[in-house]
Structure formats: structure tokens, C-alpha cells
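*Asks:* Residue numbers (my numbering), protein chains in the order written: chain A, 412 to 551; chain B, 412 to 551.
The structure that follows is given in the form of C-alpha cells.
Number of protein chains: 2
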Amino acid sequence: MEYITSLLRDKGFKVTPQRLAIYKVLARTKAHPSAEMIFNELQPLYPTMSLATVYKTIEILKEIGLLQVLNVGEDSFRYDANVENHPHIRCMVCNRVDDLDNIETAGFADSVAKLTSYRITGQQFYFYGICPACQKKNDK
Amino acid sequence: MEYITSLLRDKGFKVTPQRLAIYKVLARTKAHPSAEMIFNELQPLYPTMSLATVYKTIEILKEIGLLQVLNVGEDSFRYDANVENHPHIRCMVCNRVDDLDNIETAGFADSVAKLTSYRITGQQFYFYGICPACQKKNDK
DNA sequence: AGTATTTTAATAATGATTTTCCGCAAATAT
DNA sequence: ATATTTGCGGAAAATCATTATTAAAATACT
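Here's what the structure looks like:
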């Protein structure tokens, strides 16, 4: 958490309460919130903050490598303060997005590089399904 | 190509020249065009057709299982008439999107299902990098 | 052929994200 | 300390992909 302070400063960005608050929301959740979810969560604490500020801050955090953008096929993006490359899974019923840790994916990049002669710079793995809770609800 | 004709009819959709044309564009390319690229390609042949028609036809084709939607992280979607589940790779310089056939991905779904208790219904693997042509250009 | 239904395509609407603009506060120079 | 510059937050407007609406045209069925 002090890390973001010095990182912002080093990159020439100012350290503001809004920026810290937005990062804090992302850092302490595993829910992969959208811009609007972040906005709604901060509304009570920062009643004057606008969505534009959320978007602008997200842009900065992405730029300095403190968050990654997830494109899980909804009409809006999700954000993750865990910048390690890891797969995600979305429940198509309740739209929750979960991490998939403990899954080995590193080997893929190599075989793709060999097969295509691309120079690989990134990868995103998304799974879709129905989460345990929604399965249960459906069996009611 | 006759397949789409009877499939449309069976599902209660009319068979129109525009729909066949849009599917034909998708079926004969491996470039994974966006709605706009399809529109531009058909413009000379169907000068009166609008982008809305492209979108609506895409919606229908998706519904009857003749195309899949790709979310490669651009601001618009790409479409692929190859509905087999296969990974894709996008060049971050020229934005071309290529297929990755010959890559084994099936095993993943099982291990994810075991690890999460999700019922898996789909998956999307995306790689990002620089294509051979753009690498060469860069070395100029 | 005549009528009912579906489709087309132009237009307008939507909604997430970006941009613009401006007063203000933090950082820097004097 | 004070003046000056620079970047920031926030409100509102702009953008742009996609979707909805609607009237006219095409098609199917009798």
C-alpha cells in the first residue's frame, strides 16, 4: 500500500486520496469489480467523486502496472489488482468472476511461440460456466 | 453453403441474399473480421445495406451456431465462422488475428471443473504478441 | 392475385468509456 | 514567504460500438 504511493510519485503522478481509495478497493477484493462497482462502493465515502475519475485513475493504475484489465465478455470491463497472469472464470448466471489459481498455463506460451513465430507478449484465458451456488439454486 | 440455407429455414429465419453474403464473407476468410470490416467488404456489392443489418445477421448466425464471437480486447468484436473452440492470437502492432490450431486445450476444462466445482460451458484462450511480419518491419 | 407476416435499412437510442474544460490545490521557482 | 507553473478532480459533453424502432419492401400462404 505504501508501494503505490512511491510508484505514483516516481512516475510523475500525484498521490491523491481518490487514487489511493480506488486502488484500495481493488486490492482488497477478489470480486474483479467494474468501474461502476468501484464507483458505487466509494460513493458513500467520496460523495463528490465522478465516474470519470474512476476511469482516469484506472488508466493510470494500468499504466504503472498496478492492475490488469479483464475482458470477460460483458459489456463493461473488470479490473484486477492481482497483476499476475492467471485464468478467470465467469458464472453465466450471476456473473461473478473468480480467479483460477493453481492452474499451470506457462507452458502454453512456448508452444505457441514455436508454432507461430509470433513473439508472445501476453495471454488471457477465460472459462465460462455455472458456479456451484447457481447450480444449487437451479436444482431447487 | 447449402447448409446455412436449410438451417436458416429450419430455425424459422428467412433466407436472404444479405444473410448469405455475410456468412460467405465469414466462411471464406481466416481474418476474423469485425462487423465493420464485413460491412466495408460488402459495401460495393450491396450498396444499400447498413451496419445494422450486419449486426442483426451476426446475431442470427450466432443463435443458430454458425459463428462464434471473439473478444480479443479491442473495442469491437471479431467473428469467426469456424465454431470449433480454438485459441487465437492477435498481433499488437497490426492487429491481425490468427487461429491457433494444433494446440491441445481440451484437458483444461476438466481440471478447472475439478478445481472449482463450476459446470464449465465454454472457454476462450487469447494470446497477444507481435507477428513475424511486424517483427521484421521493426528490425528494418 | 391478395393478404398477413417477416425482413430490410435508415434513423434514433443506448450505454460504457473518453474527452474537454475550468477552478483549484500541490509543487516549484523567485 | 510569495508567485508561478503544473497537474488534478469533477461536471458535462462527446465518442463510438452496438441495439432498438419503424416504415417500406419482400416473401409466404391462401
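The beta carbon of each residue, even a glycine, is placed where N, CA and C say it ideally should be.
For clarity, every value in this text was computed on a predicted model and none was experimentally measured.
1) With DSSP as the reference, identify every bridge partner of residue 510 of chain B, one or two as the case may be.
2) Please confirm whether residue 526 of chain B has its beta-carbon closer than 8 Å to some beta-carbon of chain A.
3) Under a CB-based cut-off of 8 Å, is residue 493 of chain B close to chain A?
4) Assuming residue 445 of chain B contacts residue 501 of chain B under a Cβ cut-off of 8 Å, what Cβ separation, rounded to an integer in Å, is found between them?
5) Show which residues of chain B have a CB atom less than 8 Å away from the CB atom of residue 530 of chain A.
6) Taking a contact to mean a Cβ-Cβ separation below 8 Å, would you say residue 419 of chain A touches residue 469 of chain A in this structure?
7) Less than 8 Å separating the beta-carbons of residue 533 of chain B and residue 503 of chain B?
8) Between residue 512 of chain B and residue 497 of chain B, which are expected to be in contact by the criterion C-beta below 8 Å, what is the C-beta distance as a whole number of angstroms?
9) Would residue 536 of chain A count as contacting chain B if we go by Cβ distances under 8 Å?
10) Need the endpoints of the alpha helix (DSSP H) that residue 518 of chain A sits in, please.
11) So, does the CB of residue 484 of chain B fall closer than 8 Å to a CB anywhere in chain A?
12) Tell me the start and end of each unbroken alpha helix (DSSP H) in the region 428-491 of chain B that is at least 4 residues and wholly inside, in chain order.
13) Measuring alpha carbon to alpha carbon, tell me which of A/464, A/548, A/495 and A/412 ends up nearest residue 514 of chain A.
14) Rank A/428, A/516, A/430 and A/483 by C-alpha distance to the C-alpha of residue 443 of chain A and give the top, closest one.
15) For residue 416 of chain A, collect the residues of the same chain with a Cβ closer than 6 Å to its Cβ; drop the 5 residues on either side in sequence, then sort them by chain order.
16) Can you find a C-beta in chain B that's less than 8 Å from the C-beta of residue 421 of chain A?
17) For chain B, check one thing: does any of its Cβ atoms lie closer than 8 Å to the Cβ of residue 511 of chain A?
18) Return the chain-ordered list of same chain residues with a C-beta closer than 6 Å to the C-beta of residue 505 of chain B, the five sequence neighbours on each side being excluded.
19) DSSP puts residue 530 of chain A in a beta bridge; with which residues?
20) Taking only beta-carbon atoms, is residue 522 of chain B less than 8 Å away from chain A?
21) Compare the Cα-Cα distances from residue 535 of chain A to each of A/542, A/517 and A/549 and report the closest residue.
22) Which same chain residues end up closer than 7 Å to residue 531 of chain B when comparing Cβ atoms and leaving out the 5 residues on each side of it in sequence?
23) Does residue 500 of chain B have its Cβ less than 8 Å from a Cβ in chain A?
*Replies:* A quick look at the data gives this:
1) DSSP, once it has assigned bridges, lists B/499 as partnering residue 510 of chain B.
2) Closer than 8 Å to some Cβ of chain A, the Cβ of residue 526 of chain B qualifies, so yes.
3) False, the Cβ-Cβ gap to chain A never drops below 8 Å.
4) Wrong, their Cβ atoms sit about 12 Å apart, outside the cutoff.
5) The answer, in chain order, is 540, 541 and 546.
6) Between residue 419 of chain A and residue 469 of chain A, the gap from beta carbon to beta carbon reaches 8 Å or more.
7) In this structure, residue 503 of chain B does not lie closer than 8 Å to residue 533 of chain B by Cβ.
8) Contact holds; Cβ gap of about 6 Å.
9) For residue 536 of chain A, the closest Cβ of chain B is nearer than 8 Å.
10) Run containing residue 518 of chain A: 517-527, per the alpha helix (DSSP H) assignment.
11) With a threshold of 8 Å between beta carbons, residue 484 of chain B makes contact with chain A.
12) Runs found: 428-438, 446-453 and 462-474.
13) For residue 514 of chain A, the nearest C-alpha among the options comes from A/495.
14) Selected option, being the one with the closest Cα: A/483.
15) Same-chain partners within the cutoff: 426.
16) No, no contact with chain B.
17) Yes, residue 511 of chain A counts as interfacial toward chain B.
18) Take residue 505 of chain B, set aside five residues on each side of it, and the residues of its chain with a beta-carbon closer than 6 Å to its own are 545, in chain order.
19) Looking at the DSSP output, residue 530 of chain A shares a beta bridge with B/541.
20) At least one chain A Cβ lies under 8 Å of residue 522 of chain B.
21) With respect to the C-alpha of residue 535 of chain A, the residue from A/542, A/517 and A/549 having the closest C-alpha is A/517.
22) Correct list, in chain order: 520, 523 and 524.
23) Chain A contact via Cβ: present.
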